Amino acid sequence: MAKILIIGYGSIGKRHAQNILTHTQHEIIIFTKRKDVDSFKKKRVKVFHNLQKCLSEKPEIGFITNETAYHIPIAIKLAKAGLD
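Numbering (the numbering used here), first residue to last: 270 to 353.
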């Protein structure tokens, strides 16, 4: 079972999270600045508003689903942290 980090929780992030929950047993770590996700309590899901806290959970895989303008800076941070 892998830990999967989802960066951003808009429509695409939600779709990825739901597919992972439905079709796998992987744990999901969500990084978002949205406050309405705090109530998102499901087994196998953790929500953080700080990227370093997400990375301290030691995810193995990262999905970048935030705004396009932030993809490259986030990808660099994830690569430096050793994520695929």
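Cβ atoms here follow ideal geometry from the backbone N, Cα and C, with glycine treated the same way. Note that the structure is predicted; figures quoted are calculated from it, not measured.
Query	Result
Only counting runs of 4 or more residues, tell me where the alpha helix (DSSP H) segments fall wholly within the region 300-349, in order along the chain.	320-325 and 340-349
Would you call the region 284-293 and the region 338-346 in contact, with 3 or more CB pairs under 8 Å?	no
Note down the Cα distance separating V314 from I297, rounded to an integer number of angstroms.	5 Å
With a Cβ-Cβ cutoff of 8 Å, do G331 and L347 count as a contact?	yes
When the Cα atoms are used, what is the spatial distance from G282 to I275?	6 Å
On a CA-only basis, which of G279, T293 and R284 is nearest A271? Give me that one, please.	T293
Given that a residue counts as buried once 16 or more other Cβ atoms are within 10 Å of its Cβ, and exposed if not, what is Y278?	buried
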